[in-house]
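Undergrad: The structure follows.
In structure tokens:
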């Protein structure tokens, strides 16, 4: 077991800890982008109410329900469908990283994140997307939209590298990278290359962000 | 007219230029996040096939169709709906910025981006989301998912600031910021604060990205 990880039983034994459960839903696919780039797998993430990318799920109180029942309940709110999650879907539990500037912790109790991965049929994934964008309770509330993760790398370098350069909640980016390796959805060397390129895309975005900031400074002077 | 901008007629007079048209669709809304934070406006963007955030739209050849007819055609593919765009929706035209590491230019012809903004009814926006995630031709191809832009700022700083720290195609981030100011969807001072905070969130993400990269290095050693 890698450092920082907890056994599910160990995690549950922590009295006073808060628990968050999230799941990566994915399927295989034979479709190709532009009829020539194999998409291989459809992996779902979401734009959260706080403007960050993350996996579906949320806080669960193990005194009131099992982790898996709580996660299924969160999914029915966020995705609008009953998706049973079982103990066998559990991948890892670990302490959440220290709070980031986007989400300072207001609580002193430690947060443990439990991560699950569930493989589905492609048609089920499409059904999740359809329902999440229409009748799900949390649509436009906790969830601002479901997105697929591009696992391919295009000629110019776009695809997975660009996606990984976005801003993610907590350890969601590591959970994604770890799962892509663990379930062999992207080859280790390709993922390494994508992340290296991702750092460059990320660095490049600073100038663009400063240019956008300058727009608001011009506006302030005009007022 | 701000520097770098072109009149629509000037832009069309450039022989040999390529033209891209994009639109920001938005509506007013009375809904509140968690029943207490006013959402005020629903603004739509999308996760693109190249892993970057951008507005719906695409390349148009003015020798074959008007800019607006071309944009409407792109929207019918990406969103699955007929959304007529007219000259009155045009906001600005400008040369695209130099290519970024995520999208190096393979063509020597200059790209001019034409931007449009169209206000809709909330129910129409919801219809766009529903159809885009189900029957639209480009769903899962050019479009990986539609997302709403959070315009609010939560207690801990999440919301607009986090969203603006993501990676965007071309000048989409500036188009968003400029439109939020121009149509008075976010107060200038609030937007300035959000962008300042956004730079911090963006800087913080480097450590997280490096941690994810380290995961792939561990994996390589284990192989």
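Chains as they are written, first to last, in the working numbering: chain A, 851 to 1073; chain B, 851 to 1073. Just so it is clear, CB atoms sit at the ideal spot from N, CA and C, and this is done for glycine as well. Just so you know, these numbers come straight off a predicted model, no measurement behind them.
Helix, strand or coil for residue 991 of chain B, going by three-state DSSP, please let me know.
TA: Taking the second chain and counting its residues from 1, the one referred to as residue 991 of chain B is at position 141. Correct three-state label for residue 991 of chain B: coil.
Undergrad: Under 7 Å between beta-carbons, which chain A residues line up against residue 980 of chain B? List them in chain order, please.
TA: Position 130 of the second chain holds residue 980 of chain B. Annotation: Cβ neighbours of residue 980 of chain B in chain A (cutoff 7 Å, chain order): 983 and 984.
Undergrad: Output yes if chain B places a C-beta closer than 8 Å to the C-beta of residue 1023 of chain A; else output no.
TA: Taking the first residue of the first chain as position 1, residue 1023 of chain A is located at position 173. Chain B contact via Cβ: present.
Undergrad: Which residues bound the alpha helix (DSSP H) around residue 965 of chain A?
TA: The residue you call residue 965 of chain A lines up with position 115 of the first chain. No alpha helix (DSSP H) holds residue 965 of chain A; the beta strand (DSSP E) holding it covers 961-969.
Undergrad: If you check the beta carbons only, do residue 865 of chain A and residue 972 of chain A fall under 8 Å apart?
TA: Along the first chain, read from residue 1 onward, the residue named residue 865 of chain A stands at position 15. Along the first chain, read from residue 1 onward, the residue named residue 972 of chain A stands at position 122. If you check the CB distance, residue 865 of chain A and residue 972 of chain A do not come in under 8 Å.
Undergrad: Less than 8 Å between the beta carbons of residue 929 of chain A and residue 871 of chain A, yes or no?
TA: Here the question's residue 929 of chain A lines up with position 79 in the first chain. Here the question's residue 871 of chain A lines up with position 21 in the first chain. Contact flag unset, no.
Undergrad: Under 7 Å, CB to CB, which of the residues in the segment 989-1006 of chain A have a partner in chain B?
TA: 990, 991, 994, 995, 996, 997, 998, 1000, 1004 and 1006
Undergrad: Answer yes or no: does any C-beta atom of chain A fall closer than 8 Å to that of residue 1065 of chain B?
TA: Sequence index remark: in the second chain, residue 1065 of chain B carries index 215 (1-based). Chain A contact via Cβ: present.
Undergrad: Should residue 917 of chain B be flagged as near chain A, meaning a C-beta pair shorter than 8 Å?
TA: Within the second chain, the letter at position 67 stands for residue 917 of chain B. Cβ-Cβ to chain A under 8 Å: no for residue 917 of chain B.
Undergrad: Along chain B, which residues have their Cβ under 8 Å away from the Cβ of residue 1028 of chain A?
TA: Position 178 of the first chain holds residue 1028 of chain A. The contacting residues are 1065.
Undergrad: Using a Cβ-Cβ cutoff of less than 8 Å, which residues in the same chain neighbour residue 1061 of chain A once the five nearest sequence positions on both sides are dropped?
TA: Position 211 of the first chain, counting from 1, holds the residue named residue 1061 of chain A. Excluding residues up to 5 positions away in sequence, nothing lies with its Cβ nearer than 8 Å to the Cβ of residue 1061 of chain A in the same chain.
Undergrad: Could you tell me whether any non-hydrogen atom of the ligand NAD is closer than 7 Å to the CB of residue 879 of chain A?
TA: As presented, the structure is devoid of all ligands, the ligand NAD included, so that no description of it is given.
Undergrad: Taking the alpha-carbon of residue 891 of chain A as reference, which of A:897, A:1020 and A:883 has the nearest alpha-carbon?
TA: Taking the first chain and counting its residues from 1, the one referred to as residue 891 of chain A is at position 41. Taking only the C-alpha atoms, the option nearest residue 891 of chain A is A:883.
Undergrad: Considering only their Cβ atoms, is the gap separating residue 939 of chain A from residue 967 of chain A smaller than 8 Å?
TA: By one-based count along the first chain, residue 967 of chain A stands at place 117. By one-based count along the first chain, residue 939 of chain A stands at place 89. Going by C-beta atoms, residue 967 of chain A is nearer than 8 Å to residue 939 of chain A.
Undergrad: May I ask you to report which of helix, strand or coil DSSP gives residue 872 of chain A?
TA: Locating residue 872 of chain A in the first chain gives position 22, counting from the first residue. Look at residue 872 of chain A here: in three-state DSSP terms it is strand.
Undergrad: Report the residue from A:1035, A:1046 and A:965 whose alpha carbon sits nearest the alpha carbon of residue 1012 of chain A.
TA: One-based indexing of the first chain puts residue 1012 of chain A at position 162. The option with the nearest alpha carbon to residue 1012 of chain A is A:1046.
Undergrad: Counting only runs that start and end within the segment 887-936 of chain A, where is the alpha helix (DSSP H) found for 4 or more residues in a row?
TA: 917-929
Undergrad: So with Cβ pairs under 8 Å, would you call residue 1058 of chain A a contact of chain B?
TA: Your numbering for residue 1058 of chain A matches position 208 in the first chain. Yes, its Cβ sits closer than 8 Å to a Cβ of chain B.
Undergrad: Checking contacts by CB at 8 Å: is residue 905 of chain A closer than that to chain B?
TA: If you number the first chain from 1, residue 905 of chain A lands on position 55. Chain B has no Cβ within less than 8 Å of the Cβ of residue 905 of chain A.
Undergrad: Quick one: residues in its chain with C-beta nearer than 6 Å to the C-beta of residue 861 of chain B, no 5 flanking neighbours on either side, listed in chain order?
TA: For the purposes of this step, residue 861 of chain B is taken as the residue at position 11 of the second chain. For residue 861 of chain B, where only same-chain residues beyond five positions count, the Cβ hits under 6 Å are 943 and 962.
Undergrad: Comparing C-alpha positions only, which one of B:993, B:934 and B:1010 sits nearest to residue 974 of chain B?
TA: Here residue 974 of chain B corresponds to residue number 124 of the second chain, with the count starting at 1. The shortest C-alpha separation from residue 974 of chain B is found at B:934.
Undergrad: Quick one: what's got a C-beta closer than 7 Å to residue 1023 of chain A's C-beta in the same chain, skipping five residues either side?
TA: Walking along the first chain from the start, residue 1023 of chain A turns up at place 173. Result list for residue 1023 of chain A: 1014, in chain order.
Undergrad: List, in chain order, every chain A residue whose beta-carbon is nearer than 8 Å to that of residue 1046 of chain B.
TA: Counting from one through the second chain, the residue named residue 1046 of chain B turns up at place 196. Those within 8 Å of residue 1046 of chain B in chain A are 1063.
Undergrad: Taking only beta-carbon positions, decide if residue 900 of chain A is within less than 8 Å of chain B.
TA: Taking the first residue of the first chain as 1, we reach residue 900 of chain A at position 50. It does: the Cβ of residue 900 of chain A has a partner Cβ on chain B nearer than 8 Å.
Undergrad: Using a 10 Å radius around the Cβ and a threshold of 16 neighbouring Cβ atoms, would you call residue 855 of chain A buried or exposed?
TA: Within the first chain, numbered from 1, the residue matching residue 855 of chain A stands at position 5. Under this definition residue 855 of chain A is an exposed residue.
Undergrad: Compare the C-beta of residue 965 of chain A against all C-beta atoms of chain B and say whether one is closer than 8 Å.
TA: Here the question's residue 965 of chain A lines up with position 115 in the first chain. No, residue 965 of chain A lies away from the interface with chain B (no Cβ there is under 8 Å from its Cβ).
Undergrad: 8 Å is my cut-off, CB to CB: does residue 1013 of chain B come that close to chain A?
TA: In the second chain, the residue the question calls residue 1013 of chain B occupies position 163. By this cut-off, residue 1013 of chain B is an interface position.
Undergrad: Helix, strand or coil for residue 1056 of chain A, going by three-state DSSP, please let me know.
TA: For the purposes of this step, residue 1056 of chain A is taken as the residue at position 206 of the first chain. Residue state, collapsed to three classes: helix.
Undergrad: Could you say which of B:905, B:1031 and B:1028 lies nearest to residue 995 of chain B if we only look at CA atoms?
TA: Here residue 995 of chain B refers to the residue found at position 145 when the second chain is read from its first residue. Checked all of B:905, B:1031 and B:1028; the closest Cα to residue 995 of chain B is B:905.
Undergrad: In or out: residue 881 of chain B buried (at least 16 other Cβ within 10 Å) or exposed?
TA: Within the second chain, numbered from 1, the residue matching residue 881 of chain B stands at position 31. Exposed is the call here.
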